[in-house]
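So the sequence shown is numbered by the numbering used here: it starts at 3 and just counts up by one.
Positions of the beta carbon are idealized from the N, C-alpha and C atoms, including for glycine.
The structure displayed is predicted, hence computed values, not measured ones.
Inspection log for the structure reproduced underneath, given as C-alpha cells.
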Amino acid sequence: MPRVTLLQWQMLAAVADHGGFAKAAEAIHKSPSTLNHAIHKIEEQLGVRLFEPKGRQVVLTEAGKMLLRRARQLIENAALLEDVAERLAGGLEAEITLAVDQIFPGCALAEALTRFSAAYPHVRVQLHETVLNGAVEMLYESRADLIISGFSPQGFLGQPLVDIPFIAVAHPEHPLHGLGRALDLRDLEGHRQLVVRDSAVRHRLDAGWLKAEQRWTLSHLSTSIDMLERGLGFAWVPQTRIQAALDGGRLKALPLRVGGIRYASLQIVHRDIDGAGPATQALAQALIEATVTSCRDAEPLLLPEGAQAHQIPLADAPQS
3 MPRVTLLQWQ MLAAVADHGG FAKAAEAIHK SPSTLNHAIH KIEEQLGVRL FEPKGRQVVL
63 TEAGKMLLRR ARQLIENAAL LEDVAERLAG GLEAEITLAV DQIFPGCALA EALTRFSAAY
123 PHVRVQLHET VLNGAVEMLY ESRADLIISG FSPQGFLGQP LVDIPFIAVA HPEHPLHGLG
183 RALDLRDLEG HRQLVVRDSA VRHRLDAGWL KAEQRWTLSH LSTSIDMLER GLGFAWVPQT
243 RIQAALDGGR LKALPLRVGG IRYASLQIVH RDIDGAGPAT QALAQALIEA TVTSCRDAEP
303 LLLPEGAQAH QIPLADAPQS
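Quick look at the structure:
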C-alpha cells in the first residue's frame, strides 16, 4: 500500500498553491494543524523536506517541487477516474464498435472521430474498415454497435448519409486510354480489373462488373489505388479516395459510353437505436454532421467526353 494517501497529496498541493497553511486550510476547509500534520507525515514517511520558510510564507524545496508535479498528475488521474465512473453509472458505454465501409470519405470519418474524442475522451472506439457486406455481417452477428454501409440490412432501419461517386479509372498511359475513343464494356474485357474482396466471411458477395478475363482481387481499397497508379489495371474507385490522384494526373477517368461514373448510397445503421447509450448516439450524430460539412464542398464530377453518370445500388456498383 502507498505510504502517502491521495488526501495528503491534495493537502500538499493546497499549501503550495496558497503559500501557507492558514490560507490553504481556509480554502479546503481543514484546520491549519491538520495540514501541518499531513505535510510533516509525508516528510517523515518519504525522508525528504517539502517546504522551507520564506518570510511569513512557506515555499517548496526543489524536492518538494518535483514531488508536487508528480502528485498533481496523481490527483488529476483520480479525478478523471471518478468522472469515468460517474459516466458509466449513468449508462455511458466503455467502448463502441464502429464498422465503416472503405468507400466512406476519410475526411468525414476523421472529423467525426475528432469531435467525438473531444466530447468523450475516455470511451474506446473499435474501428473496422469493411468492404461490401462486411459491416452488415458484423451487425447481424452483434459485433458492431454502429455501421456505415451501402446495403440495407434486413430488420434494421438506416439513415441516408451520402451518395458516393464511383469512377472507372486507369493510369494515363494505360492501353485503354491509348485507344483514343469512347469505350464500351467489351473494350475492358481484355484488360486486368482490380477488385476489392468482400470483407464478410459468411455473407460474402461478388458485386459489380466482373467480366474481365484478368482480375486481381485485393483486400483494401488503398492497395487497389496504389496498383492503379502503377498502371497495373483498371477499376471503379470512389471519387473521394482518388480526387488528388485525378488532379495530379496520376489517374485518368476512362471515357466509357455507359457506366463510367456511377453512384452508391451510404447509410448509417444502429444495432439497437432504442437501447443505444449516449456515446453511441453522439458518435452517430458526429458522423452525420461531419458527412454534411466534409462532403458539401467536394469537387464536382467532370465527366469524360461521351461518359454518362448512373444512380445504382451499391450491390451493383463495381468495387475497385
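Practice task
Would you kindly report the start and end of the unbroken beta strand (DSSP E) that includes F53?
Solution key: The residue you call residue 53 lines up with position 51 of the sequence shown. F53 -> beta strand (DSSP E) spans 53 to 56.
Handout entry: Beta-carbon proximity list for A292, same chain, < 6 Å, skipping 5 on both sides
Key = Locating residue 292 in the sequence shown gives position 290, counting from the first residue. These residues qualify, in order along the chain: A110, E113, A114.
Practice task
Would you grab the beta carbon distance between W238 and A172 for me? Rounded to a whole angstrom, and I think it's under 8 Å.
Solution key: As a first step, residue 238 is located in the sequence shown; it is residue number 236 there, counting from the start. As a first step, residue 172 is located in the sequence shown; it is residue number 170 there, counting from the start. Actually they are not in contact, since the Cβ atoms of W238 and A172 sit about 11 Å apart, beyond 8 Å.
Handout entry: Under the three-state DSSP convention, the category Q75 falls into
Key = In the sequence shown, residue 75 corresponds to position 73, counting from 1. DSSP places Q75 in helix when its eight states are reduced to three.
Problem - beta strand (DSSP E) segment containing F168, residue limits - result: Here residue 168 corresponds to residue number 166 of the sequence shown, with the count starting at 1. Per DSSP, F168 belongs to the beta strand (DSSP E) from 160 to 172.
Practice task
Just tell me which of A16, I275, L187 has its CA closest to the CA of I263.
Solution key: As a working mapping, residue 263 is identified with position 261 in the sequence shown. Checking every option, the nearest Cα to that of I263 belongs to L187.
Exercise for the section: For the stretch 213 to 233 and the stretch 192 to 202, state whether three or more C-beta atom pairs, one from each stretch, are separated by less than 8 Å. Expected result: Taking a cut-off of 8 Å on C-beta distances, the stretch 213 to 233 touches the stretch 192 to 202, as three or more cross pairs fall below it.
Exercise for the section: Can you tell me which of the three DSSP states Q269 falls into? Expected result: Against the sequence shown, residue 269 aligns to sequence position 267. In the three-state reduction of the DSSP assignment, Q269 falls in the strand class, which pools E and B.
Problem - Nearest residue (CA-CA) to I98, options L253, I41, R126, E191 - result: The count along the sequence shown starts at 1 and reaches residue 98 at position 96. Looking only at L253, I41, R126, E191, the smallest Cα-Cα distance to I98 is reached by R126.
Handout entry: Sub-9 Å separation of L256 and F118 beta-carbons
Key = In the sequence shown, counting from the first residue as 1, residue 256 sits at position 254. In the sequence shown, counting from the first residue as 1, residue 118 sits at position 116. Not a contact, by the Cβ cut-off of 9 Å.
Exercise for the section: With a 10 Å radius around its C-beta and 16 neighbouring C-beta atoms as the bar for buried, classify S151 as buried or exposed. Expected result: Residue mapping note: residue 151 aligns to position 149 of the sequence shown, counting from 1. With 16 or more Cβ atoms within 10 Å of its Cβ, S151 is classed as buried.
Exercise for the section: State yes or no: is the C-beta of L324 within less than 9 Å of the C-beta of Q241? Expected result: In this structure the chain extends from 3 to 322, so residue 324 is not present and cannot be described.
Handout entry: Reference Y265; option with closest CA among I166, T116, L141, N79
Key = Residue mapping note: residue 265 aligns to position 263 of the sequence shown, counting from 1. Of the listed residues, the one whose Cα sits closest to Y265 is I166.
Practice task
Under 8 Å by Cβ, that's how I've got A26 and S33 pegged, so tell me the actual separation to the nearest angstrom.
Solution key: Position 24 of the sequence shown holds residue 26. Position 31 of the sequence shown holds residue 33. Not quite, the Cβ-Cβ distance comes to about 11 Å (not below 8 Å), so this is no contact.
Practice task
May I have a chain-ordered list of the beta strand (DSSP E) segments no shorter than 3 residues that lie completely inside the stretch 176 to 205?
Solution key: The stretch 176 to 205 contains, as complete beta strand (DSSP E) runs of 3+ residues, the segments 194 to 198 (chain order).
Handout entry: Classification of T282 by the beta-carbon crowding that lies within 10 angstroms, buried from 16 upward
Key = Residue numbering aside, residue 282 sits at position 280 when the sequence shown is read from its first letter. T282 is buried by the Cβ-count criterion.
Practice task
Please state whether DSSP places L220 in a helix, a strand or coil.
Solution key: Along the sequence shown, one-based indexing puts residue 220 at 218. Looking at L220 - three-state DSSP - the assignment turns out to be strand.
Exercise for the section: Mark R273 as exposed unless 16 or more other C-beta atoms lie within 10 angstroms of its C-beta, in which case mark it buried. Expected result: By 1-based counting over the sequence shown, the position of residue 273 is 271. Here R273 is buried: its Cβ has 16 or more other Cβ atoms, across all protein chains shown, within 10 Å.
Problem - Complete runs of the beta strand (DSSP E) confined to the stretch 17 to 61 [at least 3 residues] - result: Taken in chain order, the complete beta strand (DSSP E) segments of 3 residues or longer contained in the stretch 17 to 61 are 53 to 56.
Exercise for the section: Note down the Cα distance separating K67 from L76, rounded to an integer number of angstroms. Expected result: The residue given as residue 67 occupies position 65 in the sequence shown. The residue given as residue 76 occupies position 74 in the sequence shown. Their Cα atoms are separated by approximately 14 Å.
Handout entry: Opening and closing residue of the beta strand (DSSP E) in which D103 lies
Key = In the sequence shown, residue 103 corresponds to position 101, counting from 1. Following the DSSP letters along the chain, one finds D103 inside the beta strand (DSSP E) bounded by residues 97 to 103.
Problem - Local Cβ density within 10 Å of L159, reported as buried at 16 or more and exposed below that - result: Working through the sequence shown from its first residue, we reach residue 159 at position 157. With fewer than 16 other Cβ atoms within 10 Å, it is exposed.
Handout entry: Whole-Å CB distance - V271 paired with P155, under 8 Å assumed
Key = Counting from 1 along the sequence shown, the entry for residue 271 is found at position 269. Counting from 1 along the sequence shown, the entry for residue 155 is found at position 153. Contact annotation, V271 with P155: C-beta distance approximately 6 Å; criterion of less than 8 Å satisfied.
Problem - Beta-carbon proximity list for Q12, same chain, < 7 Å, skipping 5 on both sides - result: Looking up residue 12 in the sequence shown gives position 10. The beta carbon of Q12 sits closer than 7 Å to those of I77, all from its chain and outside the five residues before and after it, given in chain order.
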